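This report refers to the structure that appears directly beneath it.
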Amino acid sequence: MIALRAEPFDASALLAEFTARAAGAGAIVSFTGLVRDENDGGAVLGLELDHHPRLTEQALHGVERDAVARFDLLDIAIVHRHGALAPGEPIVFVAAAAAHRRSAFDAVDYVMDRLKTDVPFWKRERRDDGAHWLEARAGDHEDRRRW
Amino acid sequence: MIALRAEPFDASALLAEFTARAAGAGAIVSFTGLVRDENDGGAVLGLELDHHPRLTEQALHGVERDAVARFDLLDIAIVHRHGALAPGEPIVFVAAAAAHRRSAFDAVDYVMDRLKTDVPFWKRERRDDGAHWLEARAGDHEDRRRW
Amino acid sequence: MKILFFGRLRDGPPAGPVPSGVRDTEALRAWLGGDRPELLDTSIRIAVNDEIVPGKQPVEEGDEVAFLPPMSGG
Amino acid sequence: MKILFFGRLRDGPPAGPVPSGVRDTEALRAWLGGDRPELLDTSIRIAVNDEIVPGKQPVEEGDEVAFLPPMSGG
Numbered sequence: 227m228i229a230l231r232a233e234p235f236d237a238s239a240l241l242a243e244f245t246a247r248a249a250g251a252g253a254i255v256s257f258t259g260l261v262r263d264e265n266d267g268g269a270v271l272g273l274e275l276d277h278h279p280r281l282t283e284q285a286l287h288g289v290e291r292d293a294v295a296r297f298d299l300l301d302i303a304i305v306h307r308h309g310a311l312a313p314g315e316p317i318v319f320v321a322a323a324a325a326h327r328r329s330a331f332d333a334v335d336y337v338m339d340r341l342k343t344d345v346p347f348w349k350r351e352r353r354d355d356g357a358h359w360l361e362a363r364a365g366d367h368e369d370r371r372r373w
Numbered sequence: 227m228i229a230l231r232a233e234p235f236d237a238s239a240l241l242a243e244f245t246a247r248a249a250g251a252g253a254i255v256s257f258t259g260l261v262r263d264e265n266d267g268g269a270v271l272g273l274e275l276d277h278h279p280r281l282t283e284q285a286l287h288g289v290e291r292d293a294v295a296r297f298d299l300l301d302i303a304i305v306h307r308h309g310a311l312a313p314g315e316p317i318v319f320v321a322a323a324a325a326h327r328r329s330a331f332d333a334v335d336y337v338m339d340r341l342k343t344d345v346p347f348w349k350r351e352r353r354d355d356g357a358h359w360l361e362a363r364a365g366d367h368e369d370r371r372r373w
Numbered sequence: 034m035k036i037l038f039f040g041r042l043r044d045g046p047p048a049g050p051v052p053s054g055v056r057d058t059e060a061l062r063a064w065l066g067g068d069r070p071e072l073l074d075t076s077i078r079i080a081v082n083d084e085i086v087p088g089k090q091p092v093e094e095g096d097e098v099a100f101l102p103p104m105s106g107g
Numbered sequence: 034m035k036i037l038f039f040g041r042l043r044d045g046p047p048a049g050p051v052p053s054g055v056r057d058t059e060a061l062r063a064w065l066g067g068d069r070p071e072l073l074d075t076s077i078r079i080a081v082n083d084e085i086v087p088g089k090q091p092v093e094e095g096d097e098v099a100f101l102p103p104m105s106g107g
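Protein chains in written order, with my numbering: chain R, 227 to 373; chain S, 227 to 373; chain E, 34 to 107; chain X, 34 to 107.
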C-alpha cells in the first residue's frame, strides 16, 4: 500500500491498521520520519515538501514493487506527506510485515534509502535564518548503493 | 524504558506513547514480534514464555543500558511479554528515537539480537503435534556477533 | 511545450516560449541554461510527459517537460 | 539450598536435598548431572542469587541456584 497525503497523519494509527491486516506475521518493523525542531544548530519553523503531481506516486509504486520483489514480505506500507509541515509532524511512515525479522528490517531500511534519493520529493526547511532547500546527503547516496 | 508484561499489550498504543515522549526526534523505528500461527509447517496453538522472576528484568535493563551507550538515541523502549500467549499476540515491542535514522535502525536491530540470545526467556510452542521448547537458532548467534 | 520546475528550481524565473528549433531535451536544457546555468548541471534530471528520460530525447509541441533537481524524500 | 530450573529444564524432576559435600557450582552440577545428564552440557548456565556466574563459584546453605538453558527471547 502506498499513499501520498496532503494532511497530517498519525503513525501509530497507521501501525494499528497495518498490524490488523498482517495476519500471520512474526515481525513488523515500522519507521516514522518526523520534522525535527532544529537542524545545523538553527531552529526549524517548518518544512515544505514539494512533489510532482504524478511522477512521485509512480516512483512510490516502483519502490514498493522493488521491495516486494527483493524481500520475503507479507505486506508493506509507504505513506508520505507533501505540502507544509510543522515541527514534530510525521513526514513518512514505512512498515513491513514478514515471517522473520531480518526481511522486515531490511525492507524498511531499503525503502528509506530509496526514498532519500530516488523519489521526487524536495524539502525546503524554514529556519529562523530563512528558507533552505535540502538535498540528499553524500551518506544517503552511499546508503543507496548498499542494495 | 523497559517493561515485562504478563498481560497482552497493543504495540500501536505503545508507539503512540513513545512518539509523544520523543520530542525533537527525526526518526523513530519500532519492532513488534508476534506469535505466528504456524511454524515448521505445523499449526501453532499458543506460546508459553518462561522467564526468571528477577534475572530477566535485570538483563533487560542491561540491554537497554548497552544500547543507550552504543547508539546516539533520544529514547528507547523495550516491552516484553511472559506467560501464555495466543497466536497473533505481540511478544515484544522495541522502539528507538534518534535525530537520524541510522542510529534508530541499528539500536532496534541490536536490541532484538541481544533479546534472542542474552535475556532469560524460554519459549515453548504448543502445536497440534505437542509442545516444543524453542532455542535461539544458529543465525541468532551469528547476528549477535555482528555487534 | 509546457515546462515545469521543481524543488529549488522553482525559485528561478518561468520559461518563455520555446523556439521552434529546440527539438530535443538537451537542446532545451542548453537553451534554458543560457539564462539559468544551474539547469546545465548533470544532476538535474529531465522528465518528458511523466517519464524520466535517461539521455537526449525528442520533444515537440504539446509535451510537458519537467526539470528535477536531486531528490530529498523520506 | 534452593535449586531452580528454567525453560526445558523444568520438565525434569525437582532436585532433592543437596549433600553437605557439595560446596561449589560445578560440584552441584556434577551431583545433579548423575540423574540428569542434560545439566552437564556447558550450554546450561548457572545463576547464584540472581547473578549468572562465569565459572566455578562457592555455594552454601541459603543460596538460590538457577539452571538456565540457552535463551530464546524476542
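Ideal Cβ placement from N, Cα and C applies to all residues, glycine included. As the structure is a computational prediction, the values presented were derived from the model and not from experiment.
Interface flag, residue i vs chain E, CB-CB below 8 Å
i	result
residue 347 of chain R	yes
residue 338 of chain R	yes
residue 311 of chain R	no
residue 287 of chain R	no
Interface flag, residue i vs chain S, CB-CB below 8 Å
i	result
residue 255 of chain R	yes
residue 48 of chain X	no
residue 327 of chain R	yes
residue 266 of chain R	no
residue 262 of chain R	yes
Alpha carbon of residue i to alpha carbon of residue j, nearest angstrom
i	j	result
residue 313 of chain S	residue 67 of chain X	39 Å
residue 81 of chain E	residue 34 of chain E	10 Å
residue 248 of chain R	residue 343 of chain S	26 Å
residue 246 of chain R	residue 304 of chain R	16 Å
residue 99 of chain E	residue 353 of chain R	28 Å
residue 291 of chain S	residue 232 of chain S	23 Å
residue 316 of chain R	residue 50 of chain E	40 Å
residue 378 of chain S	residue 355 of chain S	Here chain S has residues from 227 to 373 only, and residue 378 of chain S is not among them.
residue 331 of chain S	residue 255 of chain S	6 Å
residue 310 of chain R	residue 279 of chain R	15 Å
residue 94 of chain E	residue 297 of chain R	43 Å
residue 276 of chain S	residue 78 of chain X	16 Å
residue 295 of chain S	residue 65 of chain X	40 Å
Three-state secondary structure (DSSP) of residue i
i	result
residue 244 of chain R	helix
residue 47 of chain X	coil
residue 322 of chain S	strand
residue 258 of chain R	strand
residue 74 of chain E	coil
residue 89 of chain X	coil
residue 306 of chain R	strand
residue 295 of chain S	helix
residue 348 of chain R	strand
residue 373 of chain S	coil
residue 107 of chain E	coil
residue 357 of chain S	strand
Option nearest residue i by Cα separation, candidates the options
i	options	result
residue 253 of chain R	S:366, S:318, S:343, S:251	S:318
residue 328 of chain S	R:328, R:321, R:336	R:336
residue 42 of chain X	S:332, S:373, S:365, S:358	S:358
residue 281 of chain R	R:347, R:302, R:296	R:347
residue 227 of chain R	R:301, R:270, R:311	R:301
residue 96 of chain X	X:65, X:83, X:107	X:83
residue 53 of chain E	E:85, E:104, E:91, E:77	E:91
residue 58 of chain E	E:105, E:86, E:101, E:38	E:86
Assumed close pair residue i, residue j - CB separation to whole angstroms, cut-off 8 Å
i	j	result
residue 289 of chain S	residue 341 of chain S	7 Å
residue 323 of chain R	residue 237 of chain R	Not confirmed; about 15 Å, so no contact.
residue 306 of chain S	residue 286 of chain S	7 Å
residue 69 of chain X	residue 45 of chain X	5 Å
residue 360 of chain S	residue 351 of chain S	6 Å
residue 107 of chain X	residue 259 of chain S	6 Å
residue 235 of chain R	residue 338 of chain R	Wrong, their Cβ atoms sit about 17 Å apart, outside the cutoff.
residue 62 of chain X	residue 73 of chain X	7 Å
Neighbour flag for residue i against chain R, beta carbons, 8 Å
i	result
residue 100 of chain E	no
residue 60 of chain E	no
residue 231 of chain S	no
residue 105 of chain E	yes
residue 83 of chain E	yes
is_contact[residue i, chain X] using C-beta, thresh 8 Å
i	result
residue 373 of chain S	no
residue 362 of chain S	yes
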